[in-house]
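A.B. asks: This structure is in structure tokens; I'll ask about it shortly.
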Ligand SMILES: [Zn+2]
């Protein structure tokens, strides 16, 4: 007998007849798959693309990690789930707030809803910053698990649904700045499939490699080969595998290798005076070594009598800027929560990043690497790949309109042809 599925944010999700694994390849720009398939280093992904389903989807803008993970996990845009950056300015307190707290998330996740209906669910993220939102309201009393590779040594039955994540994988705790952090997530997924056979797995990686290495570079190739091998193991264990990304990645450097940056706070201070605006870089989190908190999307808050229109005029004229919108237009165009939007949103072109003031960004962590980053419209295109072909109705849908990465659970649970 087929069990009834769940409904969340207006979408009905079928109860899976076999494990469904959704992998969010952090920073997994489509260019890595294109290059890797061409170079023959991704046999599994190449096969999925040929015999399953392959497309390129729109992720949400700003193309950052937290908003897009939550869009994928809730099947809804930031205007519904509330997470529009890693960081925002609280207008009441004037404080910059990290946006990773579960209290800021306005929707349940698909994982939480399934676990509450008795499904066995596993959510594993590379960084701990995502774990609490991904695991919010998950019922961990019946074998479901939620933990991060970063804090795999600190799991408890009450908080994570298991007390020995290191024992589960047989691996040492990975370094936060390493390819192994992501591989640990996939290896945990493989171990969980063997040990518990969850109905649904969400495996969210980290973009350490993509920030550092372009498609085709040896270290990127090695990482993608390692990913590909694990995708095959997940499939061999009987899972339907769905692959997407939170955002892409672009080179943001001048020809001499130095970062190509618009120091927007400095520009606005020079024009309007200090303390007339605050530029918030919502890419900021605790881990800024490889991008120096420089991304393709910033929010400007105007103080005193300064009109947003004046900031918009200045920002639009800056070389390297792709788009500038006022608060309401940004919220409407990008499906963002109005109450957490700045007065002005500034988006840079593919080859440029936007920072606050030059003195506030530490770029020493780049250590000779070219700056690669994300956040803009140009990094919002992501892979959308399933190991199985689509049913006719979903194939028609995919052909008729642009795919969105937030539909990946819908397509994986409802749209894939059974074996
Ligand atoms: Zn990311």
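In the numbering used here, the protein residues as written are 28 to 446. Backbone N, C-alpha and C define an ideal beta-carbon position, used for all residues, glycine too. Small disclaimer: the values here were computed from a predicted structure and weren't measured.
1) As a quick exercise: from 182, 76, 144, 112, pick the residue whose alpha carbon is nearest that of residue 89.
2) Could you give the residue range of the beta strand (DSSP E) that holds residue 116?
3) Which term fits residue 39, buried or exposed, when burial requires 16 or more other beta carbons within 10 angstroms of its beta carbon?
4) Quick one: what does DSSP say residue 423 is sitting in, helix, strand or coil?
5) Check for me: the alpha helix (DSSP H) holding residue 338 runs from which residue to which?
6) Does the count of Cβ pairs from the segment 218-231 and the segment 396-408 closer than 8 Å reach three?
7) Quick one: grab the DSSP three-state call for residue 264.
8) Compute the Euclidean distance between the alpha carbons of residue 28 and residue 93, then round it to the nearest angstrom.
9) Whose CB is closer than 6 Å to a heavy atom of ligand 1? List the residues in chain order.
10) Am I right that residue 261 and residue 216 are in contact with their C-beta atoms under 8 Å? What's the rounded C-beta distance?
11) Which runs of the alpha helix (DSSP H) fall wholly inside the segment 51-88 and span at least 4 residues, in chain order?
12) Can you list, in chain order, the residues of its chain with a C-beta nearer than 7 Å to that of residue 41? Leave out the 5 residues immediately preceding and following it.
13) Name the residue from 344, 281, 370, 415 whose alpha carbon lies nearest to the alpha carbon of residue 263.
14) From residue 65 to residue 444, what distance separates their C-alpha atoms?
15) With DSSP as the reference, label residue 28 as helix, strand or coil.
16) To the nearest angstrom, how far is it from the Cα of residue 329 to the Cα of residue 116?
17) Terminal residues of the continuous alpha helix (DSSP H) containing residue 220?
18) Using the Cβ count rule (16 or more neighbours within 10 Å means buried), how would you classify residue 54?
19) Going by Cα to Cα distance, which pick from 171, 50, 86, 306 is closest to residue 259?
20) Using DSSP with H/G/I as helix, E/B as strand and the rest coil, what is residue 129?
21) What's the gap between the Cα of residue 129 and the Cα of residue 59?
22) Hey, would you say residue 405 sits closer than 9 Å to residue 376, going by beta carbons?
23) Have a look at 172, 167, 144 and flag the residue whose alpha-carbon is nearest the alpha-carbon of residue 152.
24) To the nearest angstrom, report how far apart residue 212 and residue 148 are at their CA atoms.
25) Where residue 271 and residue 353 are concerned, what is the direct C-alpha to C-alpha distance, given to the nearest angstrom?
26) What span of residues does the beta strand (DSSP E) with residue 233 cover, start to end?
27) Taking all protein chains shown into account, decide if residue 239 is buried (16 or more other Cβ within 10 angstroms of its Cβ) or exposed.
28) In or out: residue 119 buried (at least 16 other Cβ within 10 Å) or exposed?
29) Rounding to the nearest angstrom, what Cα-Cα distance links residue 170 and residue 366 in this structure?
C.D. replies: So, from the listed chains and residues:
1) Your numbering for residue 89 matches position 62 in the chain shown. For residue 89, the nearest C-alpha among the options comes from 112.
2) Here the question's residue 116 lines up with position 89 in the chain shown. Going by DSSP, residue 116 is part of the beta strand (DSSP E) stretching over 114-116.
3) Translated into positions along the chain shown, residue 39 becomes position 12. It is exposed - the Cβ of residue 39 has fewer than 16 other Cβ atoms within 10 Å.
4) Reading the chain shown from its first residue, position 396 is the one you call residue 423. DSSP places residue 423 in helix when its eight states are reduced to three.
5) Translated into the one-based positions of the chain shown, residue 338 becomes position 311. First-last of the alpha helix (DSSP H) with residue 338: 335-343.
6) The answer is no - the segment 396-408 does not touch the segment 218-231, with fewer than three Cβ pairs under 8 Å.
7) Here residue 264 corresponds to residue number 237 of the chain shown, with the count starting at 1. Annotated three-state conformation of residue 264 is coil, per DSSP.
8) Here residue 28 refers to the residue found at position 1 when the chain shown is read from its first residue. Here residue 93 refers to the residue found at position 66 when the chain shown is read from its first residue. Legend: pLDDT at residue 28 = 49, less than 50; position of this residue unreliable, no value from coordinates given.
9) With the criterion CB distance below 6 Å from any heavy atom of ligand 1, the matching residues run 53, 54, 92, 234, 273, 274 along the chain.
10) Counted from its first residue, the chain shown places residue 261 at position 234. Counted from its first residue, the chain shown places residue 216 at position 189. The pair is a contact, with the Cβ atoms about 6 Å apart (cut-off 8 Å).
11) Every alpha helix (DSSP H) of 4 residues or more that sits fully in the segment 51-88 is shown, in chain order, as 57-65, 70-78.
12) Taking the chain shown and counting its residues from 1, one reaches residue 41 at position 14. Counting only Cβ-Cβ distances below 7 Å, and skipping sequence neighbours, we find 32, 440, 441.
13) If you number the chain shown from 1, residue 263 lands on position 236. Comparing Cα positions, the closest option is 415.
14) In the chain shown, residue 65 corresponds to position 38, counting from 1. In the chain shown, residue 444 corresponds to position 417, counting from 1. Between residue 65 and residue 444, the C-alpha separation is close to 27 Å.
15) Working through the chain shown from its first residue, we reach residue 28 at position 1. Confidence at residue 28 is low in this model, with a pLDDT of 49, below 50, so the placement of that residue should be treated as unreliable; the coordinate-derived value is given next. It is coil, neither helix nor strand.
16) Within the chain shown, numbered from 1, the residue matching residue 329 stands at position 302. Within the chain shown, numbered from 1, the residue matching residue 116 stands at position 89. Annotation: residue 329 to residue 116 spans about 12 Å, alpha carbon to alpha carbon.
17) In the chain shown, the residue the question calls residue 220 occupies position 193. That run of the alpha helix (DSSP H) goes 206-222.
18) In the chain shown, the residue the question calls residue 54 occupies position 27. Residue 54 is buried by the Cβ-count criterion.
19) As a first step, residue 259 is located in the chain shown; it is residue number 232 there, counting from the start. Taking each of 171, 50, 86, 306 in turn and checking the Cα distance to residue 259, the smallest one comes out for 50.
20) Working through the chain shown from its first residue, we reach residue 129 at position 102. Three-state DSSP puts residue 129 in a helix.
21) Within the chain shown, residue 129 is the residue found at index 102, counting from 1. Within the chain shown, residue 59 is the residue found at index 32, counting from 1. Residue 129 and residue 59: Cα-Cα distance of roughly 32 Å.
22) Along the chain shown, read from residue 1 onward, the residue named residue 405 stands at position 378. Along the chain shown, read from residue 1 onward, the residue named residue 376 stands at position 349. A contact, by the Cβ cut-off of 9 Å.
23) Stepping through the chain shown from its first residue, residue 152 is reached at position 125. Of 172, 167, 144, the residue nearest in Cα terms is 172.
24) The residue you call residue 212 lines up with position 185 of the chain shown. The residue you call residue 148 lines up with position 121 of the chain shown. The C-alpha of residue 212 lies about 15 Å from the C-alpha of residue 148.
25) As a working note, residue 271 is residue 244 in the chain shown. As a working note, residue 353 is residue 326 in the chain shown. One C-alpha to the other measures close to 30 Å.
26) Sequence index remark: in the chain shown, residue 233 carries index 206 (1-based). For residue 233, no beta strand (DSSP E) encloses it, and the DSSP letter there is neither H nor E.
27) Here the question's residue 239 lines up with position 212 in the chain shown. Of the residues assessed, residue 239 falls on the buried side of the cut-off, its CB having 16 or more other CB atoms within 10 angstroms.
28) If you number the chain shown from 1, residue 119 lands on position 92. Exposed is the label assigned to residue 119, since fewer than 16 other Cβ atoms lie within 10 Å of its Cβ.
29) Counting from one through the chain shown, the residue named residue 170 turns up at place 143. Counting from one through the chain shown, the residue named residue 366 turns up at place 339. About 37 Å.
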